[in-house]
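Residue numbers (the numbering used here), protein chains in the order written: chain F, 1 to 293; chain A, 1 to 761. First comes the structure, then the notes that go with it.
See below:
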């Protein structure tokens with residue numbers, strides 16, 4: 001039995017915004033795989049809920065005219081993995097969300113929920129951050145675009161204004177074109193787990209595949225929010241796509257991260273994993289891009 | 001003959017179709033719901049419980065606190081009662097506690113009309129404490145000045161036992177001995193059975209009827225009555241299908257509290273259900289035991305003298321107590337036999353941790369990790385092959401234990417080791433992996449183990465059963481031994497069918513135990529049931545068959561000893577002639593106007609024997625050093641559990657135990673905040689029980705040496721599979737990387753520290 005006081009089912013995005021305005025302390029529920037857990041633990045006991053679960057207009061993956069991939073925030077993880085556009089243009093994202101929890105969770109959990117809950121460990125987040133995702137937010141004052149880099153405010157906190165909904169995730173063409181990536185989820189178990197470290201790397205190589213023209217490195221759980229290792233990226237820009245780059249990235253990323261010691265893992269351990277996963281993710285990205293190591 | 005065949009489980013269809021009823025399915029929807037308010041400090045005294053806000057919540061019926069309960073300490077352990085007070089379990093539990101001894105102890109309950117109101121009620125209770133200092137480590141708890149948990153046990157020592165065989169001090173003066181010494185740590189883990197403990201209680205017909213998820217219905221009935229201070233016959237306890245137990249439910253958990261709550265609301269139906277988070281901490285856990293082992297060996301590898309100290313973390317309450325570490329102490333001197341002397345001291349120590357109780361293999365997974373790590377280290381120090389060193393020192397054929405009278409009849413250990421070596425291609429792999437470099441390395445390792453069957457002579461072994469024949473010749477079989485998911489009902493049905501002489505389909509096991517109806521049996525533990533029930537079934541099944549044949553003599557005039565009942569047909573033994581089918585005999589007997597008889601047999605069988613059950617595990621691993629990850633490539637358990645009643649079920653038992661051993665070796669542990677004693681990871685996300693994706697293919701093989709003391713040739717299998725896996729993995733990691741890890745679980749965090757120390761990172 002779940003302890004909630006009311007549930008209002010939205011019939012459209014506009015209706016959802018009206019309901020959120022009418023019930024300012026209500027919590028948005030989509031798939032429910034985060035909200036219901038919090039409710040069971042007592043954190044949201046007695047809450048009012050505005051359900052957007054039936055808003056099919058927020059589901060699906062399409063291509064905008066300007067080449068941006070448009071991902072509906074209610075698209076479930078399994079649907080993202082199986083989507084032909086994702087598989088063709090940004091397969092690393094589909095692979096990343098295929099590592100979330102287990103099959104049941106991947107069918108009910110949504111892309112939007114995964115970033116709006118603001119946790120640094122979200123499997124979709126580090127890749128979105130590594131691809132400069134743009135977020136379309138719709139609220140009482142209309143529609144605005146916000147870079148994902150400005151969306152995360154701190155652990156569990158995102159830049160959603162009152163009565164605002166995430167209505168699309170956009171991956172710019174410039175981010176995915178000629179770009180090849182790989183995501184490593186490092187966790188204690190091979191399934192049903194949350195990342196101890198998530199590392200998403202993508203590269204654009206020169207035409208002769210010998211130089212890294214651009215490398216982007218996104219981490220989850222290397223800091224309070226998903227982050228980019230910008231110093232390491234700068235060091236790799238224009239670097240030879242060879243073993244020395246693999247060696248370099250493992251050291252360079254350590255300047256970009258500040259993992260903490262908690263009972264789950266020590267900072268030193270996290271650094272070891274951050275370093276090693278960045279090396280392996282870069283290696284596979286280069287290989288996928290056609291480079292020879 | 002159906003014994004020895006992999007017949008389908010008798011409960012399979014009901015379980016997979018959802019027809020099988022478990023405790024929650026049987027509770028009427030009108031039940032009041034009981035939720036527990038747990039202590040939020042590790043040690044202290046409750047000074048006040050303000051119940052006013054809780055009582056005001058709509059739907060809350062009654063609040064009961066630690067100030068209300070009777071002052072009747074009771075024991076919770078799932079042991080048969082002893083009429084000798086010196087052998088009785090320590091009675092240190094009250095229904096609710098003012099003196100709280102661990103974070104998660106029970107302080108109060110809210111009884112309400114639904115789950116939401118009950119939960120809101122618990123949240124609204126205001127508990128005030130006088131906080132005391134607490135201690136989590138057993139060796140710290142033994143020191144003078146440590147916080148005291150129970151007045152009757154100074155220095156928190158629940159028990160201390162020891163032995164010395166031979167003259168240890170003299171033995172180690174032998175010149176040229178090599179000393180191999182180490183400290184080995186094992187963790188607090190939990191059973192993680194799929195169905196959390198749940199029970200409901202209602203006053204009916206002068207009794208309190210309790211329906212519960214338990215392994216030990218007759219024992220729990222006794223404990224509920226003791227806790228409430230009422231005659232034992234006034235409690236009726238019913239055990240339906242349960243979703244596993246693994247020893248957690250070999251204790252009285254919340255049945256006494258539930259029955260008490262029922263009394264508190266005038267006998268109304270109350271249901272007490274606990275969450276997974278509560279189960280981890282407020283049920284029972286495995287004893288975390290720290291060992292100090294020293295081996296003195298000759299250069300040729302022969303063990304001359306060994307010594308062990310064991311410090312067992314009992315947690316806050318006695319439960320199964322000292323029996324667990326003591327069992328391991330017994331194993332220490334038997335699995336390897338020293339040339340001159342063996343010495344041991346075992347301590348069970350109270351701490352402000354969750355109460356440790358029975359958990360699959362009862363101290364032997366712990367001690368096996370320690371012993372097999374020490375032996376492996378000895379092999380390296382002495383420069384002798386791991387397997388060869390074990391063969392040289394392990395229990396020989398013909399060994400007889402003075403206390404239990406167990407005899408090692410067969411060359412079991414060698415036979416099991418040979419099978420294990422063949423499966424992992426041990427010698428070839430050891431050669432192949434001898435000189436690895438690079439970040440990813442492989443290794444093979446192994447471990448042997450000691451186990452026994454049932455609890456004689458330490459405690460009572462007796463089992464009663466009843467077989468009742470229907471007009472159609474089919475029978476109902478009732479026994480106090482319980483199906484807890486392991487397949488006991490199926491094994492029983494197979495043994496009954498063969499003993500009585502009926503087709504398997506004609507045997508119906510009454511799976512639910514009801515203390516009003518079911519003959520007395522102590523239940524599922526100590527891997528006892530197939531062995532013990534085997535005696536009872538042999539005894540009573542034969543009795544029933546003899547009654548049938550006596551009636552057949554009455555009907556046919558042929559002497560009973562020339563007849564037999566085979567596969568449901570009365571036959572003449574010498575000619576094989578079919579005389580009549582069993583249904584004709586049974587119907588005739590029941591309705592006879594001359595000599596009517598309802599064909600039933602019942603009785604108690606006492607068992608005064610025990611049996612060794614040994615085996616080994618071999619593991620092959622791949623270690624990714626930079627990522628500190630261990631991948632299992634191959635794993636095998638080989639068991640000598642005597643004759644297999646049902647090979648497929650036996651394999652399933654082994655697979656389950658191997659899985660638990662993998663978690664024990666690599667990932668599972670309950671963690672506590674050292675500043676507050678609060679559990680940190682009491683949920684299935686943060687407590688890293690393995691998934692399918694973390695296992696390799698699990699291989700089970702058997703060596704079937706028929707046990708001479710057993711009518712069906714069987715001996716223990718329920719628990720043994722949990723014993724050797726963790727040390728086998730530890731030794732494989734040692735072989736792969738040269739790094740000896742003396743603690744479990746061997747997590748990436750542990751390996752990170754060890755690899756840095758070894759210069760591998």
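Virtual Cβ for every residue (Gly too), placed ideally from N, Cα, C.
Pairing residue 171 of chain F with residue 93 of chain F gives a Cβ-Cβ distance under 9 Å.
For the region 175–194 of chain F, the beta-carbon criterion of a distance under 8 Å to any beta-carbon of chain A is satisfied by 186, 188, 189, 190, 191, 192, 193 and 194.
Counting along the chain, residue 70 of chain F sits inside the beta strand (DSSP E) bounded by residues 69–71.
Rounded to whole angstroms, the separation of the alpha carbons of residue 4 of chain F and residue 517 of chain A is 44 Å.
In chain order, 467, 468, 469, 496, 500, 502, 506, 507, 508 and 544 place their CB closer than 8 Å to the CB of residue 475 of chain A, counting only its own chain and leaving out the 5 sequence neighbours on each side. By a beta-carbon distance limit of 8 Å, residue 718 of chain A contacts residue 527 of chain A. Their separation comes to about 4 Å. Just so you know, the alpha carbons of residue 669 of chain A and residue 240 of chain F end up roughly 45 Å apart. Note on residue 35 of chain A: 16 or more other CB atoms within 10 angstroms of its CB, so buried under the neighbour-count rule.
DSSP places residue 480 of chain A outside any alpha helix (DSSP H), giving it a letter other than H or E. Excluding its 5 nearest sequence neighbours in each direction, residue 711 of chain A has C-beta neighbours in its own chain below 7 Å: 534, 535 and 538, listed in chain order. For residue 404 of chain A, there is no enclosing beta strand (DSSP E), as DSSP marks it with neither H nor E. The three-state reading of DSSP puts residue 223 of chain F in coil, since its state is none of H, G, I, E or B. Scanning its chain for C-beta atoms nearer than 7 Å, with the 5 sequence neighbours on each side dropped, one finds around residue 709 of chain A the residues 609 and 611, in chain order.
Considering only beta carbons, the part of the region 257–285 of chain F lying closer than 9 Å to chain A consists of 263, 264, 265, 266, 268, 269, 272, 273, 275, 276, 277, 279 and 280, in chain order. Between residue 313 of chain A and residue 134 of chain A, the C-beta gap is not smaller than 9 Å, which leaves the two residues out of contact. A direct Cα-Cα distance of roughly 22 Å separates residue 418 of chain A from residue 659 of chain A.
A residue is called buried once 16 or more other Cβ atoms fall within 10 Å of its Cβ, and residue 173 of chain A, having fewer, is exposed. The beta carbon of residue 193 of chain A sits no closer than 9 Å to any beta carbon of chain F. Bounds of the beta strand (DSSP E) holding residue 184 of chain F are 180–186. Scanning chain A for C-beta atoms nearer than 7 Å to the C-beta of residue 42 of chain F yields 123, reported in chain order. Shown here, residue 436 of chain A sits in coil according to DSSP, grouped into three states, outside any helix or strand. Scanning F/34, F/250 and F/182 for the CA closest to the CA of residue 101 of chain F turns up F/34. Note that the C-beta distance between residue 220 of chain F and residue 122 of chain F is below 9 Å. Any Cβ of chain F closer than 9 Å to the Cβ of residue 696 of chain A would place that residue at the interface, and such an atom is absent.
Under the DSSP assignment, residue 655 of chain A falls in the alpha helix (DSSP H) whose first and last residues are 647–666.
At least 9 Å separates the beta-carbon of residue 129 of chain F from that of residue 205 of chain F.
For residue 212 of chain A, the uninterrupted beta strand (DSSP E) segment begins and ends at 207–212.
Spatial neighbours of residue 53 of chain F in its own chain (CB-CB distance under 8 Å, excluding positions within 5 residues in sequence) are listed in chain order as 9, 29, 30, 31, 32 and 74.
Pairing residue 243 of chain A with residue 481 of chain A, the inter-Cα distance amounts to about 16 Å. Look at residue 377 of chain A here: in three-state DSSP terms it is helix.
The C-beta of residue 564 of chain A comes no closer than 9 Å to any C-beta of chain F. For residue 255 of chain F, the nearest beta carbon of chain A is not closer than 9 Å to its own beta carbon. Residue 204 of chain A sits away from residue 62 of chain A, with the two beta carbons spaced by 9 Å or more.
Excluding sequence positions up to five before and after residue 583 of chain A, its CB lies within less than 6 Å of the CB of 472 and 473, all in the same chain and listed in chain order. Only those residues of the region 140–156 of chain F whose C-beta falls short of 8 Å from the nearest C-beta of chain A would be listed, and there are none. When Cβ-Cβ separations below 9 Å define contact, residue 682 of chain A makes no contact with chain F.
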